[in-house]
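Per the working numbering, the sequence shown starts with residue 515, numbered consecutively.
Positions of the beta carbon are idealized from the N, C-alpha and C atoms, including for glycine.
Just so we're clear, the structure is a prediction, and the values are computed from it rather than from any experiment.
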Amino acid sequence: MKDNKPNLITKPNTTLNNKTGPWRTSRPVTDYNICIGCALCSKICPEACIAMVDVPDKPGKKQPVTDYDYCKGCALCVHECPVKAIKMVADY
Ligand code: SF4
Ligand code: SF4
515 MKDNKPNLIT
525 KPNTTLNNKT
535 GPWRTSRPVT
545 DYNICIGCAL
555 CSKICPEACI
565 AMVDVPDKPG
575 KKQPVTDYDY
585 CKGCALCVHE
595 CPVKAIKMVA
605 DY
């Protein structure tokens, strides 16, 4: 059956097809000199598009990396960061 509902999740295993990045008018940018790697932004993101990844030169340390294909620019991560390491910048 043809699906006439673009941008809605109507079938199992299709959430990755629903890219929410184009909704965004500004994007979060992290200052890694301020970030303490607490992972709160990663946990709070409603799109689950912030991954905590290993820092190459610092064993055991992790830092957030945002997948902009799915970041919708809601700025929740900015508001929740305890050390104000994330800023929104104009995107389009
Ligand atoms: S702006 Fe919103 S969607 Fe984008 S990374 Fe932050 S919490 Fe997630
Ligand atoms: S919430 Fe702030 S300090 Fe914590 S990992 Fe995210 S950017 Fe870094």
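Q: Compute the Euclidean distance between the alpha carbons of D605 and T539, then round it to the nearest angstrom.
A: 5 Å
Q: Look up P578 in the DSSP assignment and give the residues it is bridged to.
A: M566
(Q) Strictly by DSSP, which residues pair up with V603? (A) R541
Q) Heavy atom of ligand 1 less than 8 Å from the Cβ of V592, yes or no? A) yes
**Q.** Whether T544 touches I600 by CB criterion (9 Å)
**A.** yes
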